[in-house]
Amino acid sequence: MRGLQLPLNQTQRIRLQRALEKLHSLSSKANSDASVTVADTIPVNYDDAFLKGHGTTDLNGELVATVCGVVERVNKLVYVRALRAKYKPEVGDIVVGRVVEVAQKRWRLEINFSQDAVLMLSSMNMPDGIQRRRTALDELNMRSIFEENDVVCAEVRNFHHDGSLQLQARSQKYGKLEKGQLLVVDPFLVKKSKQHFHYLEQFGIDLILGRNGFIWVGEHVEARDGMIVDQANNSEQSTVEKDQAYTPLEMRQNICRIANAVRVLSTLGFNVDADLIIETAELSSSLNIDIHDMLGSEFHVLVAEREAERRSLMTKRKR
Amino acid sequence: MVGLSVGEKHFIQGGIAQDLRSDGRKRLTYRPIYVETGVIPQAHGSARIRLGATDVIASVKGELGKPSALQPDKGKIAIYVDCSPTAAPMFEGRGGEELSTELSVALQRCLLGGKSGAGSGIDPSSLVIVEGKVCWDLYIDGLVISSDGNLLDALGAAIKAALSNTGIPKVNVASETSGDEQPEVNISDEEFLRFDTSGIPVIVTLTKVGRHNIVDATSEEESQMSSAISISINRKGRICGLTKRGGAGLDPSIILDMISVAKHVSEQLIDKLDSEIAAAEADEEES
Amino acid sequence: MEYVSPEGLRLDGRRPMEMRQIRAEIGTVARADGSAVFEMGNTKVIAAVYGPREVQNRSQQISDQALVRCEYSMANFSTGDRRRKPKGDRRSTEISLVIRQTMEACILTHLMPRSQIDIFVQVLQADGGTRSACINAATLALADAGIPMRDIVTSCSAGYLNSTPLLDLNYIEDSAGGPDVTVGILPKLDKVTLLQMDAKLPLDIFENVMGLATEGCKAVANYIREVLLENTKQLEYRRGL
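Chains as they are written, first to last, in full-length UniProt numbering: chain A, 1 to 319; chain B, 1 to 287; chain C, 1 to 241.
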């Protein structure tokens, strides 16, 4: 079993256990027989026509799971939703990645997928914002847009015929992320939602929840395109400037608090969504818990208890 | 190594300058230390230490051997470290060898003192059974299972914990033998000798990033270091060993400053570690 | 030497057909994509899986399936007598190969073309049956990494000493020089994927011993499934809606 790697004292252990048991009893899926492990038979009505989806295979006429997860049925489709796994891209997903290579007319990005993703120069909005053919000069200047190790936010465009994954960054909101930190969580903890870019006004910071489990917490940036222009035209000047301008302390405190909230939720295996992150961060500041102490055992237990309470309220309301 | 973008590097450096690191720590704060003892029942003593995502195991094994002719009144102690590929794919094959050697030598320097055995955390003369003929050879092995920076401090702490956990069987010498004959010995199954571990130093690594020093750097922070000094300090506040790593040169006066900082940090670290070790030992006896 | 007492008990007090205590834990290496610890009595093994990820050495890339690699290593302190062995000796190379081939047979490699999966197994304590423990740990780690598999692989060994078939040999029994049969099975498909034996045995006894080892594999499989199911349920209910 996946033990929490936390030193707990006796009371903390009992409290945590109680909270987790409560979560267990509240969950509808985990109590049913929907959870399967590798090579479990999935019960289906063989007389009806059904489609076998991801995570399933046919074994001597039986439908069998190939990964551990939860069986989902949508109309005729039967598939296993894997929990802990590498990121499975879907078209339109917003992802955060790191540039590993600048190649001809393209960047290669590590996005926690089984291969590197490709961002073509032609799938980028150019700094000048005008739709036009990419010239040889643009190609030479690719490094001034993104260079190796840069953290970039983009959208999944499609799978190419050769199986490679293509990204695009055709809007102002996509682009290079600076002045902040990148966190990595299990991708299944980040749910698809309408909004993956969050500007947390009360904290003055940006929170980007990449569907691939890469989460960016950083200073709020107004117009992203402006930044790219800046980068392209006076990159030298800006690096000189940057040396003096560190993130203001108050904003850094907010960034670290939010980042630690993400870390706590991910250690506990809770859903990492914006509301919960903010709630967790606010809980810590309302209790006057030091930013670093958020990573201690006591706060983990507190968050687990809080979450159990919250979910039980939610289910009551539904009834 | 970890790749970081210019913006992230800048963010980390800024955090260190403002005394608020990426995970909310101050410059001189350690991550929570988690100690487990007796993890390798086959060894005479063992411990596992976790510092954030850094995870190491140390084990102590004694073997009967013969003291070297030059130092007939002293047992031998050796420290070896291995980096398991489970920690990072780059340690695969011979990939971890360089780092393993670097860590082994640094630990020997910090914990074992000079050739004569002076300044060693464990008194080598306590390992002798019959002078010039029989002694314990102590093999201390470290294994890195997961790596997120500050391996040296973690290994040092693990070795300290493992030695506190160690019980070496008592050896009875059968009878007086004369001349060059090896005496017959009888290893007891019931009686164990414990080491006095109060003198074993802890290692404090100060990593210099920009103009500031930090302790317990994560691997991301380590990638930004200009130089690092590992200082081993015992409970009395004496320096037992010192290693400087990293390219940039340091002003001698800065080094002295760093040592006094490390001394200050070491007091808290020893207290913290001792109480954790005691708790872990109690836990082990319970189960 | 007597390995089975007249009362039918072995040196460590087990019955001939009794397995040692097994224990598994998932998710022990923080930074790996999948990891597990597996214990059989005093034998203790850690497995970590990295990938599927971009192939590091482009020339090794396979266009229609994943590249599976494996490295087995033993900690210096893992054996009773401490030995310092160089990395990559013949024994480790052979075991690496065995584990790789066994795991490759059950991973659905064609679903992850042009990618690479690394399996690292580290022996913390060796007390007989390390091969089996490594395979069991690797299965758990692969399942934890969410890598699609045909079936889980489980392994167990059996031997024959004092005219008695013995399940799950420990180090003393293993070094007695008798035959040692290591079996790996795919429990759902009911197929044998790994079979190794040293020393000689009459055919009818071999059948018995192999049958015993297979039963052992099935017991391990049941345990592994329980652990995986419990882990899956936990991940699901913790995550919430």
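Heads up, the beta-carbon is just placed ideally off N, CA and C, and yes, glycines get one too.
Identity of the residues DSSP links to residue i by a beta bridge
i: Ala-58 (chain B); result: B:Ala-47, B:Gly-142
i: Ser-275 (chain B); result: According to DSSP, Ser-275 (chain B) bridges with nothing at all.
i: Arg-10 (chain C); result: C:Val-4
i: Tyr-199 (chain A); result: A:Asp-206
i: Cys-135 (chain B); result: B:Gly-65, B:Val-128
i: Pro-169 (chain B); result: B:Phe-192
i: Lys-76 (chain B); result: B:Asp-137
i: Gly-218 (chain A); result: A:Gly-180, A:Asp-206
i: Glu-25 (chain C); result: C:Val-37
i: Arg-106 (chain A); result: A:Ala-103, A:Met-120
i: Cys-153 (chain A); result: A:Val-96, A:Gly-175
i: Asp-82 (chain B); result: B:Leu-143
Beta-carbon separation (whole angstroms), residue i vs residue j, contact threshold 8 Å
i: Asn-260 (chain A); j: Gly-24 (chain B); result: 6 Å
i: Val-67 (chain A); j: Val-80 (chain A); result: 6 Å
i: Glu-2 (chain C); j: Asn-162 (chain C); result: 7 Å
i: Ile-147 (chain C); j: Pro-16 (chain C); result: With a Cβ gap of about 37 Å, Ile-147 (chain C) and Pro-16 (chain C) do not count as contacting.
i: Gly-62 (chain B); j: Leu-138 (chain B); result: 6 Å
i: Gly-129 (chain C); j: Ser-157 (chain C); result: 5 Å
i: Lys-233 (chain C); j: Ser-35 (chain A); result: 5 Å
i: Arg-211 (chain A); j: Lys-192 (chain A); result: 6 Å
i: Ser-284 (chain A); j: Arg-257 (chain A); result: 6 Å
Secondary structure of residue i, DSSP reduced to three states
i: Val-130 (chain B); result: strand
i: Val-229 (chain A); result: Low confidence applies here, because Val-229 (chain A) scores a pLDDT of 44, under 50, leaving its location unreliable and the question unanswered by this model.
i: Met-210 (chain C); result: helix
i: Arg-73 (chain A); result: strand
i: Lys-242 (chain A); result: The predicted model places Lys-242 (chain A) with a pLDDT of 47, which falls under 50 and marks its position as unreliable, so this point remains unresolved.
i: Asn-234 (chain A); result: Interpretation of Asn-234 (chain A) is limited by its pLDDT of 45, a score under 50 that renders its predicted location unreliable; no figure is taken from the coordinates.
i: Met-17 (chain C); result: coil
i: Val-39 (chain B); result: coil
i: His-161 (chain A); result: coil
i: His-10 (chain B); result: helix
i: Cys-134 (chain C); result: helix
i: Glu-305 (chain A); result: helix
i: Val-185 (chain B); result: strand
i: Arg-150 (chain C); result: coil
i: Tyr-72 (chain C); result: strand
i: Phe-120 (chain C); result: strand
i: His-212 (chain B); result: strand
i: Lys-233 (chain C); result: helix
i: Glu-98 (chain B); result: helix
i: Gly-3 (chain B); result: coil
i: Lys-263 (chain B); result: helix
i: Pro-89 (chain B); result: helix
i: Val-105 (chain B); result: helix
i: Ser-155 (chain C); result: strand
i: residue 246 (chain C); result: Outside the displayed range of chain C (1 to 241) lies residue 246 (chain C), so it cannot be described from this structure.
i: Met-1 (chain A); result: Residue confidence for Met-1 (chain A) is low, a pLDDT of 48 falling below 50, so the modelled location carries little weight and cannot support an answer.
i: Lys-44 (chain C); result: strand
i: Cys-240 (chain B); result: strand
Option in the options with minimal Cα separation from residue i
i: Asn-231 (chain C); options: C:Ser-96, C:Ala-143, C:Ala-105; result: C:Ala-143
i: Val-156 (chain A); options: A:Phe-113, A:Tyr-246, A:Ser-27, A:Asn-141; result: A:Phe-113
i: Ile-129 (chain B); options: B:Glu-276, B:Pro-183, B:Ile-12, B:Ala-43; result: B:Pro-183
i: Gly-69 (chain A); options: A:Phe-270, A:Asn-60, A:Leu-83; result: A:Leu-83
i: Asn-170 (chain C); options: C:Met-210, C:Asp-12, C:Glu-7, C:Gly-8; result: C:Asp-12
i: Ser-63 (chain C); options: A:Val-217, A:Gln-168, A:Asp-162, A:Leu-302; result: A:Asp-162
i: His-110 (chain C); options: C:Ala-66, C:Arg-14, C:Glu-25, C:Tyr-237; result: C:Ala-66
i: Lys-74 (chain B); options: B:Asn-186, B:Leu-20, B:Gly-114; result: B:Gly-114
i: Gly-204 (chain A); options: A:Gly-218, A:Arg-211, A:Gly-210; result: A:Gly-218
i: Tyr-174 (chain A); options: A:Glu-148, A:Val-221, A:Leu-59; result: A:Val-221
i: Ile-85 (chain B); options: B:Glu-97, B:Glu-222, B:Lys-76, B:Ala-78; result: Per the sequence shown, residue 85 (chain B) should be read as Pro rather than Ile. Closest option to Pro-85 (chain B), Cα to Cα, is B:Glu-97.
i: His-212 (chain B); options: B:Gly-156, B:Ile-229, B:Ile-203; result: B:Ile-229
Cβ-based contacts, 7 Å cut-off: residues of the region 115-134 of chain C near chain B: Asp-118, Phe-120, Gln-122, Leu-124, Gln-125
Residues in the region 144-172 of chain C having any Cβ partner in chain A nearer than 8 Å: Asp-144, Ala-145, Gly-146, Ile-147, Pro-148, Met-149, Arg-150, Asp-151, Ile-152
Under 9 Å (Cβ pairs) to chain B, residues found in the region 278-302 of chain A: Asp-290, Ile-291, His-292, Asp-293, Met-294, Leu-295, Gly-296, Ser-297
Return the residues of the region 6-33 of chain C that lie within a Cβ-Cβ distance of less than 7 Å from chain B, sorted by chain order. Val-29, Ala-30, Arg-31, Ala-32
Could you name the residues of the region 66-100 of chain C whose beta carbon sits closer than 9 Å to any beta carbon of chain B, in the order they occur along the chain? Arg-69, Glu-71, Ser-73, Ala-75, Asn-76, Phe-77, Ser-78, Thr-79, Gly-80, Asp-81, Arg-82, Arg-84, Lys-87, Gly-88
Under 8 Å, CB to CB, which of the residues in the region 255-274 of chain A have a partner in chain B? Cys-256, Arg-257, Ala-259, Asn-260, Arg-263
Could you run through the region 68-94 of chain A and flag, in chain order, every residue whose CB is less than 7 Å away from some CB of chain C? Cys-68, Gly-69, Val-70, Ala-82, Leu-83, Arg-84, Ala-85, Lys-86
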